[in-house]
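In our numbering, the protein residues as written are 72 to 552.
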């Protein structure tokens, strides 16, 4: 009696022990780099790192304080088709997780059949009478996840769904950053066009002055022709800017999910400089960039697949149950005496497969090694992009200061040369050269301002745009049934 009692306790204990066995390596995140720097190289001389200070918000574009940009950015999340497609892929990945979790539970099927048959004349002593069998079977089967194959599959699918969530964030950030870039390029175009229109007005005044001087016999005909050439050339430059502006406007329409025919953006002034951008410390980058999170979750998924491949080396235990009603008489088909049932476990083990399991195991480990390399490359690329745009902002800020001095000097040159021309001291060619230099310097200054804003957008994108991996990794362990 005591032995039976002990056996009754031991069997559940042994079953629980076997069920807790999960083969394959447990996931441990590899080192991204041999050493993470304490600060960014290019931040020196621009803005100091502020550990624990401000962080970039989810609506990072509001840093630029442009109401029109804010309105456009809000439309990206709901209308951009790349974002919509990424969201659909995320829902697909979540469905795959649920599909993998279905392996925890038994499979139950119910059917009904009516079979008419006649035996062969050479069988059964020549009795060829017809027979009819009415059957209503209920079948159930369940695979015991002793070696963790199902658990590893769920772990892999869960990591894949988390990678898909991070990919959705990466697509969204890319679309938002592309919109901001196109928007500031368009505003730079507007500033260039406003400058050219102003310059055309000034050149028209210079042409009128030259014509008057020519009419008075003071200036030569060549001065008038030079002034006309300069005016028409500047007008042509203004017309040419229309091509780029139209294309940028069409690009913005595409990013907010509308047709170019139904979208227009009035001209507006260009902001002069990018806002202060919280940079943080390099170690935070591993948790702030969605593309790095995608690569890291892909590693976790590939690691779990190694466990799935290893589990194929171990025997499979299945429990099957079959029962129902069966009779050769329709009137007695659904009666209690027509019942039948069978239940029992089965164990199977593959003895020879021509090296298939070894090949699948090698494939899973090689796939994991590839994801490790992809993860480290993503980290290196992230650091490069941050350093690139920090350097761009720092150098462009210095260039803008020098260029502003060049603009001021060129304006003084135009003023002095114009007075000398009116006094008859210099020829109109001197005025033409001075005016051309002024226009070129002012256009370069506008271009630098636009590039600084774009570099600010790219820096925010490189820093992750206010995203945080905690949102997808808060429940990193797969759920149990």
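Glycine included, each C-beta is placed from N, C-alpha and C at the ideal position.
Predicted model, so just to flag it, every value in this text is computed and none were measured.
To the nearest angstrom, report how far apart residue i and residue j are at their CA atoms.
i	j	result
residue 219	residue 444	27 Å
residue 268	residue 302	11 Å
residue 380	residue 428	7 Å
residue 104	residue 225	29 Å
residue 481	residue 313	27 Å
residue 204	residue 403	11 Å
residue 326	residue 360	21 Å
residue 496	residue 473	31 Å
residue 295	residue 524	40 Å
residue 41	residue 297	The structure shown does not extend to residue 41, since the chain is modelled only from 72 through 552, so no value can be given for it.
residue 519	residue 526	10 Å
residue 228	residue 515	52 Å
residue 451	residue 244	19 Å
residue 507	residue 270	10 Å
residue 185	residue 177	27 Å
residue 119	residue 466	Because the pLDDT at residue 119 is just 45, under 50, the model does not fix this residue reliably, and the value given afterwards should be weighed accordingly. Computed Cα separation, rounded: 15 Å.
residue 455	residue 529	12 Å
residue 102	residue 375	18 Å
residue 492	residue 475	26 Å
residue 206	residue 162	41 Å
residue 289	residue 266	31 Å
residue 543	residue 430	33 Å
residue 534	residue 318	28 Å
residue 426	residue 411	42 Å
residue 181	residue 152	43 Å
Give the single residue among the options whose Cα lies nearest to the Cα of residue i.
i	options	result
residue 462	306, 99, 502 and 111	111
residue 200	206, 191 and 509	191
residue 337	284, 258 and 404	258
residue 415	152, 213, 176 and 133	213
residue 504	207, 250 and 300	300
residue 261	492, 528, 395 and 521	521
residue 335	108, 322 and 344	322
residue 377	350, 397, 423 and 436	436
residue 408	222, 165 and 396	396
residue 354	108, 420 and 285	108
residue 232	339, 319 and 368	368
residue 222	93, 141 and 331	93
residue 100	511, 442, 510 and 187	442
Along the chain, where does the alpha helix (DSSP H) that runs through residue i open and close?
i	result
residue 128	Counting along the chain, residue 128 falls outside any alpha helix (DSSP H), and DSSP gives it neither H nor E.
residue 96	Note, residue 96: premise wrong, no alpha helix (DSSP H); not H, not E.
residue 133	Here residue 133 belongs to no alpha helix (DSSP H), and DSSP marks it neither H nor E.
residue 467	427-493
residue 249	220-286
residue 499	499-533
residue 359	356-359
residue 290	Taken as a continuous stretch (DSSP letters only), residue 290 belongs to no alpha helix (DSSP H), as it is neither H nor E.
Given that a residue counts as buried once 16 or more other Cβ atoms are within 10 Å of its Cβ, and exposed if not, what is residue i?
i	result
residue 304	exposed
residue 448	exposed
residue 121	Below a pLDDT of 50, predicted positions are generally treated as unreliable, and residue 121, at 47, falls in that range; the measurement from the model is reported next regardless. Looking at its Cβ environment, which holds fewer than 16 other Cβ atoms inside 10 Å, residue 121 is exposed.
residue 172	buried
residue 132	buried
residue 168	buried
residue 254	buried
residue 235	buried
residue 366	buried
residue 433	exposed
residue 179	exposed
residue 283	exposed
residue 256	buried
residue 439	buried
residue 166	exposed
residue 532	buried
I believe residue i touches residue j by the beta-carbon criterion, under 8 Å. Please report the beta-carbon distance rounded to the nearest angstrom.
i	j	result
residue 215	residue 390	7 Å
residue 98	residue 471	Contact flag wrong, Cβ pair sits at about 48 Å.
residue 95	residue 540	Going by Cβ atoms, the distance from residue 95 to residue 540 rounds to 24 Å, so no, they are not a contact pair.
residue 453	residue 128	Not confirmed; about 20 Å, so no contact.
residue 147	residue 247	5 Å
residue 406	residue 202	Wrong, their Cβ atoms sit about 19 Å apart, outside the cutoff.
residue 264	residue 309	6 Å
residue 28	residue 230	An answer regarding residue 28 cannot be provided, because it is not within the stretch 72 to 552 covered by the chain.
residue 418	residue 386	5 Å
residue 478	residue 513	6 Å
residue 144	residue 250	6 Å
residue 324	residue 330	6 Å
Starting from residue i, follow the beta strand (DSSP E) in both directions and report where the run begins and ends.
i	result
residue 189	184-189
residue 179	178-181
residue 387	387-398
residue 411	410-419
Check the Cβ-Cβ distances between residue i and every residue of chain D, and say whether any is below 9 Å.
i	result
residue 330	Absent here is chain D; the protein component of the structure consists of one chain.
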